[in-house]
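So for the sequence shown, the numbering used here puts the first residue at 96; every next one is plus one. Note that CB positions come from ideal geometry on N, CA and C, so glycine has one too. Everything on this sheet refers to the single structure shown next.
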Amino acid sequence: MLKLFNSFSSSKQDFVPFNENLVKIFICGPTVYDYTHLGHARIFLTYDLLSRYLNDKGLQTDVLVNLTDINQNVFNKAKENLTTYKDVAKFYTSAFVVDLQSLGIESITRLAYVSDYVSSIEKQVQKLIEKKVAYTAHGNVYLDVSRVHNYGQISKQTRAQLNMHRLDIGPGKKNQEDVMLWNCTDDFDFSWESDLGKGIPWWHMQDTAVAVENFGKNYDIHGGARELLYPHHEAHLAQYELLTGSEEPVRAWVHVGLVFSDGEKMSKSLGNVVWVKDLIKKYSSDLIRLYIFSKHYRDDMNFSEKDLLSQKPLLDLIRLTASRVSDTTHEDISILAHSFMESLDDDLDSPSALAKIEKICTEVKNGKSLSKIDFNRICKILGIHT
Ligand SMILES: [Zn+2]
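Structure below.
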């Protein structure tokens with residue numbers, strides 16, 4: 096049985112979806128004002144591996160990714176290019192789709208621009224005000240987190256620790272850590288007319304509206320980078336519970352580690368960003384996938400071309416195996432194939448799974464048989480071409 100590390104409980108748990116045949120996954124998507132870098136790609140590669148594995152187990156997956164197009168960076172890019180935020184979002188969404196496809200990521204079933212959900216956000220913010228868990232202060236609307244009984248549960252923070260954060264600073268806030276839902280004060284180049292006041296829906300609320308509208312009362316996995324745990328996912332969970340009345344809106348919170356470059360966080364100003372569109376010109380998607388899967392998804396990793404190239408012998412061995420498959424599988428290899436699956440069952444332990452593949456391919460090289468069906472099944476889960 097698949098076990099996943101759930102950030103909510105801080106433990107590996109048996110993964111049992113709400114619906115026995117369908118797994119609904121929400122992944123926090125990109126802010127669409129730039130190209131996709133390897134840190135983003137790792138997130139989608141991780142859930143692609145998970146989806147492929149669940150599909151192999153006979154479960155369907157429905158993967159929803161939100162596209163953040165209501166954001167100052169998107170607005171700035173629109174201003175620079177004398178165009179609209181929508182055009183900027185469309186351009187970079189197309190590039191995002193191309194980048195993901197180039198890496199063999201096929202699992203995403205729905206993409207949702209948050210700007211298509213503004214009327215839902217307005218209604219939901221209104222509902223939170225009516226429930227007296229949100230309030231207006233100097234035109235802005237905030238979530239009163241002191242009214243949320245388990246606030247701090249995902250990020251494991253006490254009230255006192257939460258109160259150390261100075262979030263969404265504005266006059267009249269009741270608690271330092273209250274999160275903004277609707278912003279009317281800052282001067283944006285784009286804004287929405289609303290009963291809440293002319294302004295823009297704030298980040299956390301955008302994702303909540305997309306998830307509630309698409310998935311209803313609950314869904315199985317919420318994914319994204321680990322750095323989104325607080326305040327983003329803490330706020331999302333609180334809002335989701337308050338809006339749907341669901342006691343368990345999300346079955347498992349699964350977070351992916353960061354990708355550093357030259358030991359630092361990737362940033363344009365440091366000039367150390369590894370763009371997918373550049374990387375894919377030099378290396379095959381198969382090699383990039385083996386490289387990403389050679390690290391456990393929860394660990395941070397530091398990009399290095401040397402490490403990437405160190406996966407080349409394994410890829411060559413897989414290629415050699417492809418040329419030697421037959422109609423039957425030797426018993427020893429069946430046992431190894433079974434332990435490959437067990438590795439993935441153990442919180443998607445892909446480094447251990449790759450070690451099993453290396454053993455399988457070495458056995459085939461030494462003369463033991465592997466059927467084409469068994470070989471293709473393993474390659475399909477990893478998204479490696481056969
Ligand atoms: Zn999000």
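*In this structure, does DSSP put S405 in helix, strand or coil?*
It is coil, neither helix nor strand.
*Ordered along the chain, which non-local residues of its own chain (more than five positions away) have a Cβ less than 7 Å from that of L149?*
Around L149: V118 and T156.
*Counted within 10 angstroms of its Cβ, other Cβ atoms place I476 as buried (16 or more) or exposed*: Flag for I476 reads buried.
*Report all residues from its chain with a CB closer than 7 Å to the CB of M96; omit the five preceding and five following residues, and keep chain order.*
So the qualifying residues of the chain are D109 and D440.
*Status (buried if at least 16 other CB within 10 Å, exposed otherwise) for R147*: Answer is buried; the Cβ neighbour count reaches 16.
*Look at the Cβ atom of I203, then the Cβ atom of V160, and state whether they are nearer than 9 Å.*
Yes, the pair counts as a contact, with Cβ atoms nearer than the cut-off.
*Which of helix, strand or coil does DSSP assign to E115?*
When secondary structure is reduced to three states using DSSP, E115 falls in the coil class, being assigned neither helix nor strand.
*Could you say which of I387, L154, D151 and V368 lies nearest to D444 if we only look at CA atoms?*
D444 has its Cα closest to that of I387, out of I387, L154, D151 and V368.
*So D164 packs on Y180, CB below 8 Å; how close in whole Å?*
Indeed they touch by this definition, with Cβ atoms about 6 Å apart.
*On a CA-only basis, which of C456, L353, V354 and L276 is nearest A333? Give me that one, please.*
Put simply, of C456, L353, V354 and L276 the residue whose alpha carbon is nearest the alpha carbon of A333 is L276.
*Which residues share a DSSP beta bridge with W370?*
According to DSSP, W370 bridges with H132.
_Suppose the cutoff is 7 Å on Cβ atoms and the five residues either side in sequence are ignored; what does the same chain contact list for N235 look like?_
The residues are G265, M275, W277, N278, C279 and T280.
*Per DSSP, P266 forms a beta bridge with which residues?*
In the DSSP output, where bridge partners are listed per residue, P266 has none listed.
*Shortest alpha-carbon distance to K152 belongs to which of D395, N116 and T141?*
Of D395, N116 and T141, the residue nearest in Cα terms is N116.
*Unbroken beta strand (DSSP E) run spanning Q248, endpoints*: Where Q248 is concerned, there is no enclosing beta strand (DSSP E), given that its DSSP letter is neither H nor E.
*Cβ neighbours of V459 in the same chain (closer than 6 Å, five flanking residues each side left out)*: Non-local C-beta neighbours of V459 in its own chain, meaning closer than 6 Å and more than five positions away in sequence, comprise T416, R419 and L465, ordered along the chain.
_Quick check on DSSP: helix, strand or coil for L291?_
Coil.
*asked:* If I follow the unbroken beta strand (DSSP E) through G176, where does it start and stop?
replied: What sits at residue 176 in the sequence shown is Asn, not Gly. Per DSSP, N176 belongs to no beta strand (DSSP E) and is neither H nor E.
*Buried or exposed: which applies to I61, given that a residue is buried once 16 or more other Cβ atoms fall within 10 Å of its Cβ?*
The first residue shown for the chain is 96 and the last is 481, placing residue 61 beyond what the model contains.
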